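Heads up: the sequence lines are chains A and B, in that order. Number 28 in this note's numbering belongs to position 28 of the first sequence; there are no gaps in the numbering. Number 276 in this note's numbering belongs to position 10 of the second sequence; there are no gaps in the numbering. Backbone N, C-alpha and C fix where the C-beta goes; we use that ideal spot for every residue, glycine too. Please read these numbers as outputs of a predicted model, since none were measured by experiment. Worksheet: one structure, shown below.
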Amino acid sequence: MKLSLGKWLLPLYSALALIFIMIPIAYTFVFSFNASVKSNIVWVGFTLDNWINVCQAQGVCAAFGTSLLVGAVATVIATVLGTAMAIALVRFKFRGRSTVSLLLFLPMATPEVVLGAGLAAQFLSAGVPKGLGTIIIAHALFCLSFVVVTVKARVASLDPALEEAGRDLYGSSAQVFMKITLPLLMPGIIAAALLSFALSFDDFIITRFNNGSVETFPVFVYTAAAKGMPPEANVIASAVFLFALILVVVSQLTSAARRKRLAQVS
Amino acid sequence: MAFAAIGSNSTQTEQVPRRRSKVAIILLLPGLAYLALFFLTPLVSLVMTSLQTPVEFGDVGQYQAAFQIENYAIVVGAYWPHFLRAFGYALAATFFALVISYPLAYFIGVKARRWPLLQALMLTLVIAPFFISFLLRTLAWKQLMSDDSGLVSALKTLTILPADGHLTGTAFSVIFGLTYNFLPFMTLPIYTTLERLDTRYLEAGADLYASPFTTFWRVTVPLSMPGVVSGTLLTFIPASGDYINASASFLGSAQTQMVGNVIESQFISLLNYPQASALSVLLMGLILLIVALYVKRSGTEDLL
Chain A
1 MKLSLGKWLL
11 PLYSALALIF
21 IMIPIAYTFV
31 FSFNASVKSN
41 IVWVGFTLDN
51 WINVCQAQGV
61 CAAFGTSLLV
71 GAVATVIATV
81 LGTAMAIALV
91 RFKFRGRSTV
101 SLLLFLPMAT
111 PEVVLGAGLA
121 AQFLSAGVPK
131 GLGTIIIAHA
141 LFCLSFVVVT
151 VKARVASLDP
161 ALEEAGRDLY
171 GSSAQVFMKI
181 TLPLLMPGII
191 AAALLSFALS
201 FDDFIITRFN
211 NGSVETFPVF
221 VYTAAAKGMP
231 PEANVIASAV
241 FLFALILVVV
251 SQLTSAARRK
261 RLAQVS
Chain B
267 MAFAAIGSNS
277 TQTEQVPRRR
287 SKVAIILLLP
297 GLAYLALFFL
307 TPLVSLVMTS
317 LQTPVEFGDV
327 GQYQAAFQIE
337 NYAIVVGAYW
347 PHFLRAFGYA
357 LAATFFALVI
367 SYPLAYFIGV
377 KARRWPLLQA
387 LMLTLVIAPF
397 FISFLLRTLA
407 WKQLMSDDSG
417 LVSALKTLTI
427 LPADGHLTGT
437 AFSVIFGLTY
447 NFLPFMTLPI
457 YTTLERLDTR
467 YLEAGADLYA
477 SPFTTFWRVT
487 VPLSMPGVVS
497 GTLLTFIPAS
507 GDYINASASF
517 LGSAQTQMVG
527 NVIESQFISL
537 LNYPQASALS
547 VLLMGLILLI
557 VALYVKRSGT
567 EDLL
């Protein structure tokens, strides 16, 4: 075995791949400090002004607010519907189970452009005006399958004996569900909700077909790409990035701490 | 990730007795109704719209119900190069994403096991692109590859790129963008399978005098196949329907338009709903066909 080659090549390759992944993120972050006024292409100089007065660029903050609202509502719809479906799929045997699974798999195997055009064609033929409502409907749709997949994994790893114990102690079905099943599923449900919020927040392809004149943050960026990007858009993207990163690091650290505690107990 | 997770849980259900299927129906009904209303019905609308004809003497964007099968012949005749480009670019992007992802996923999932913190850090970096706007990171690549960028002038100095050459607006930049943007979808499922890989199998391979390469090829690769299949599907499907990377305001040009671009412009700018719908139906049909053939060939039918 050529140890020296095998030993260094793989870590080096991995490091280069990770640097490659970080390049456009670093670029977006750096250019959020650019002192440019209209089109954020050439480096003019360093300023904190974009970060301090984020909302001074026309429409950025409104679009960001719309994205937060759409993401929140779509996530609630997808998470409630998806969690119920996930529980039913893992815990119950019924005819047509594989058909339901296929129906949930299909939206994930459908290109977003087709989902977007399909919904738009339907809204058109039904005479539904496009706007906030149609964006939320579209987002909840593509989040639903991802919620089911994520929560299903959690339901499957749940020990049914815990619920049986609850029933043996004369807990009603509702009590067993609220006091045992739901709390145990919570980590999976939270993960699913975060995933669906992230998917919704960043979606442009489907939104483009169903937004009417409503501007989400990606729609704002798309429009600005043609006429000049304000650096404030980079500020919002960078701030969201940092927030999500902190969230991931904190959750990893707490789960590592919990594992350590559990290891000490047992 | 998604596809792998669908298959992996099927065995767990056996322990649960058949009971209270009424509850199952109540739990399923709202979600099924949602899918029927906003997934299945739109697909039917799409098929119906694809067969419409323009209203005589009507305004632009006015169509009536019909059975105009010719719409399909028209769009195939006019846009077959866009289909070829979409699947060609998506295939190339899937290949490059696999080449970049597999060693990376192997390092994180197998080699970095001894250092959980490093593993967590690397995984966070892999999913980092999810946290920054898809459009902005694509625009960042556009700026980095623009004609007056350092990269282009360096390539010209090295005569890799001709003096009048461009990076943006070419097939190269579109495939590059697709590869970058869908990379996490390839890395994560491969990582998930490799992370569970029992390294004693590799030791067994070495004990039986197999070379590291043979062990890798005969043991590691087959065991990681479910992840590779999920990853290639999760990369290929969105890449073939994408219209951001190939759009002229991002990494593409008029010469790099994919089917997604045609659907977008026909539907949103030209209000030619029947053609946009016919193209969507064809795209979906072709992708389902490719996925079905691929899943069958790779022998992982339990994916569904």
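| Query | Result |
| --- | --- |
| Trp483(B) classed as buried or exposed, judged by whether at least 16 other C-beta atoms fall within 10 angstroms | exposed |
| Interface residues of chain B facing Pro187(A) [CB-CB closer than 7 angstroms] | None at all; the shortest Cβ gap to chain B is about 15 angstroms. |
| Helix, strand or coil at Gln330(B) according to DSSP, with G and I counted as helix | strand |
| Cβ pair Ile441(B), Ala512(B) closer than 7 angstroms | no |
| Under the three-state DSSP convention, the category Pro111(A) falls into | coil |
| Whole-angstrom distance between Leu102(A) and Leu298(B), CA atom to CA atom | 12 angstroms |
| Residue nearest to Phe33(A) in terms of C-alpha spacing, selected from Leu10(A), Ala233(A), Leu182(A) and Ile77(A) | Ala233(A) |
| Straight-line Cα distance separating Leu548(B) from Asn337(B) | 11 angstroms |
| Interfacial residues, the segment 399 to 429 of chain B to chain A, with Cβ spacing under 9 angstroms | Ser399, Phe400, Leu401, Leu402, Arg403, Thr404, Leu405, Ala406, Trp407, Lys408, Gln409, Leu410, Ser412 and Asp414 |
| Sheet register partners of Thr319(B) (DSSP bridge) | Gln330(B) |
| Straight-line Cα distance separating Val341(B) from Val90(A) | 43 angstroms |
| Proximity test, Cβ basis, 7 angstroms: Gly526(B) and chain A | yes |
| Cutoff 7 angstroms: Pro231(A) Cβ touching any chain B Cβ | no |
| Chain B contact for Ala226(A) (CB, 7 angstroms cutoff) | yes |
| Closer than 6 angstroms: Gly171(A) CB and nearest the ligand GTP heavy atom | For the structure depicted, the ligand GTP is absent and the ligand set is empty, with no information on it obtainable. |
| Other residues of its chain near Tyr560(B): CB distance less than 8 angstroms, five sequence neighbours each side excluded | Val495, Thr498 and Leu499 |
| Alpha-carbon spacing of Ala63(A) relative to Phe142(A), whole angstroms | 21 angstroms |
| Proximity below 7 angstroms, CB of Leu39(A) to CB of Gly228(A) | It should be noted that the sequence gives Ser, not Leu, for residue 39(A). Yes. Within cutoff. |
| Proximal residues to Asn538(B) (C-beta, below 6 angstroms), its chain only, five neighbours per side dropped | Gln532 |
| Cross-chain neighbours of Val487(B) in chain A, by beta carbon under 9 angstroms | By Cβ distance, chain A contributes nothing, its closest Cβ being about 15 angstroms from Val487(B), past 9 angstroms. |
| CA nearest to the CA of Arg563(B), picked from Leu364(B), Ala406(B) and Met491(B) | Met491(B) |
| Gln281(B) versus Val240(A) - alpha carbon distance | Annotation note: pLDDT 44 at Gln281(B) (below 50); position unreliable, coordinate value reported separately. So the alpha carbons of these two residues sit roughly 43 angstroms apart. |
| C-beta atoms of Ala572(B) and Ser311(B) nearer than 7 angstroms | Chain B is shown only over 267 to 570; residue 572(B) falls outside these bounds and no answer can be derived. |
| Test: Tyr13(A) CB closer than 7 angstroms to a CB of chain B | yes |
| Leu364(B) to Met452(B) span [Cα, whole Å] | 7 angstroms |
| Span of the alpha helix (DSSP H) around His348(B) | Glu336 to Gly375 |
| Residues, ordered as in the chain, of the segment 443 to 459 of chain B that lie near chain A by beta-carbon distance below 7 angstroms | Leu449 |
| Cβ-based burial, Glu567(B) [other Cβ within 10 Å; buried from 16] | Residue placement at Glu567(B) cannot be trusted, given a pLDDT of 49 that sits under 50; what the coordinates show is reported in the next sentence. Exposed, by the Cβ-count rule. |
| Cβ shell of Ala558(B) (< 6 angstroms), same chain only, five flanking positions each side left out | none |
| Where Gln264(A) meets chain B, residues with beta-carbon distance less than 9 angstroms | Neighbours of Gln264(A) on chain B: none; closest Cβ ~16 angstroms, over 9 angstroms. |
| Contact list for the segment 543 to 562 of chain B against chain A, Cβ threshold 7 angstroms | Ser543, Ser546, Leu549, Met550, Ile553, Leu554 and Val557 |
| Interface partners of Gln58(A) on chain B, CB under 8 angstroms | Neighbours of Gln58(A) on chain B: none; closest Cβ ~18 angstroms, over 8 angstroms. |
| Contacting positions in the segment 237 to 248 of chain A - beta carbon closer than 7 angstroms to chain B | Ala237, Val240, Phe241, Ala244, Leu245 and Val248 |
| Minimum Cβ-Cβ distance from Gly435(B) to chain A less than 7 angstroms | no |
| Chain B contact for Pro129(A) (CB, 7 angstroms cutoff) | no |
| Own chain partners of Arg351(B) with C-beta closer than 6 angstroms, once the 5 adjacent residues on each side are dropped | Met524 |
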